[in-house]
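Here the structure comes first, spelled out in structure tokens, and everything after it is commentary.
Right, here's the structure in full:
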């Protein structure tokens, strides 16, 4: 018999009370009963987004929601900035390319955040820019970008700011309206503690003007159709009904705990994880000045293949962590500490890492990471 511990940055563990909602008799999506749940979900999403803007729900992956922003805001030939700090920043550029959008790409070194100053200078020298795309927390590298500063910069122009907050929303500080973020997308399978399959978008009045004039082809992704359906307490097409019902429960849990406490808890777990991994003589990959709170990335020791660490942890101990992506494949490991993941899940993960790294020839002091974690967790924090 083996227990399973999910420490990946998506999907993340689902609370039992949320999972139970998926087993209830299914509601028809054109009934008052579903409409009541749908309205509760939309209002709950606005709380998590920290917005009064129009908020839409779609049955889709997070990438689908990303694509929907391009389809709804732009026309072929439009010029945009993509500020990338990893795989998912690069994804913005690939989506724009597919729609015939001209991309000015601002790349940051992986492990470092995007530079707001570079965005400001590029906007100044390219007044025809229609949109700026970037990420909140870059899941592939473990960095967080300074959206508040970027928002202030873009707000002074005619361009709109579009954010991939798929891994960070509901786990790390993000204030859509206060930070002047025009379009923010997210998904159900990370900080929202639900199964994959739902995506969300909130759109500012400034961005809605672009929606009305965009010429990219759209049907399923059409925000105008979605907006009309929201006013009717439904979606334009059949949604993943059971996921919507379970999302209502997770949103209740989030609101009951409160966003500020969630942010503080996630930050503390990030602090614990970084200290524990350092105690295992692992070098952190992301610059600690811009390391995000939702996951930690660490370099794999010389002479060890990262995939072997991930595979052994999963097969022998039931512990799932993530490896590196694209050019970081085999070179880093990633541990999440967001959503329903708690301190004891992480302690199990640290113990498993100690054993596996030791087996693979890395010098490890048994119990060291667990002890470091316990010491930090033992320090009382009234905000957590």
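Residue numbers (the working numbering): 459 to 842.
The beta-carbon is built from N, C-alpha and C at its ideal position, and this holds for glycine as well.
Computed from a predicted model, the values in this text were never measured in an experiment.
Judged by DSSP in its simplified three-state form, residue 652 adopts coil rather than helix or strand. Rounded to whole angstroms, the gap between the alpha carbons of residue 556 and residue 624 is 21 Å. Contact check for residue 771 against residue 801 fails: the beta carbons are separated by 8 Å or more.
Looking at the DSSP output, residue 564 bridges to 541. The beta carbon of residue 517 sits closer than 7 Å to those of 655, 656, 697 and 698, all from its chain and outside the five residues before and after it, given in chain order. Remark: three or more beta-carbon pairs, one from each stretch, lie closer than 8 Å, so the region 531-544 and the region 557-572 are flagged as touching. For residue 766, no beta strand (DSSP E) run applies; the uninterrupted alpha helix (DSSP H) run containing it begins and ends at 764-775, by DSSP. Here the alpha carbons of residue 487 and residue 519 stand approximately 20 Å from one another. Closest in alpha carbon position to residue 614, among 621, 560, 551 and 588, is 588.
Residue environment: residue 466 is assigned as buried (16 or more neighbouring CB atoms within 10 Å of its CB, all protein chains considered). Classified as buried, residue 684 has 16 or more neighbouring CB atoms from the shown chains inside 10 Å of its CB.
The shortest CA-to-CA distance from residue 732 to any of 719, 716, 721 and 750 is the one to 750. Residues 735, 740, 741, 742, 743, 790 and 791 of the same chain have their beta carbon placed closer than 7 Å to that of residue 756, with the five preceding and five following residues left out of the count. Relative to residue 621, the option among 559, 689, 560 and 551 whose CA is nearest is 551.
Burial check for residue 564: the Cβ neighbour count within 10 Å reaches 16 or more, so the residue is buried. Looking at 644, 717 and 824, the one whose alpha-carbon comes closest to that of residue 514 is 644. Taking a 10 Å sphere around the C-beta of residue 549, we find 16 or more other C-beta atoms and assign the residue as buried. Within the same chain, Cβ atoms closer than 8 Å to the Cβ of residue 745 are found at 569, 570, 571 and 601, the five residues on either side in sequence being excluded.
For the region 589-663, the continuous alpha helix (DSSP H) assignments of 4+ residues that do not extend past its boundaries occur at 605-613, in sequence order. About 5 Å separates the beta carbons of residue 665 and residue 641, which is inside the 8 Å limit, making them a contact pair. Residue 730 and residue 830 have their C-alpha atoms spaced approximately 8 Å apart. The beta carbons of residue 636 and residue 510 sit no closer together than 8 Å. Contact annotation: residue 649 and residue 796 have beta-carbon atoms nearer than 8 Å. Look at the region 765-831 and you find these whole runs of alpha helix (DSSP H), each 4 residues long or longer: 801-817. Classified as buried, residue 479 has 16 or more neighbouring CB atoms from the shown chains inside 10 Å of its CB.
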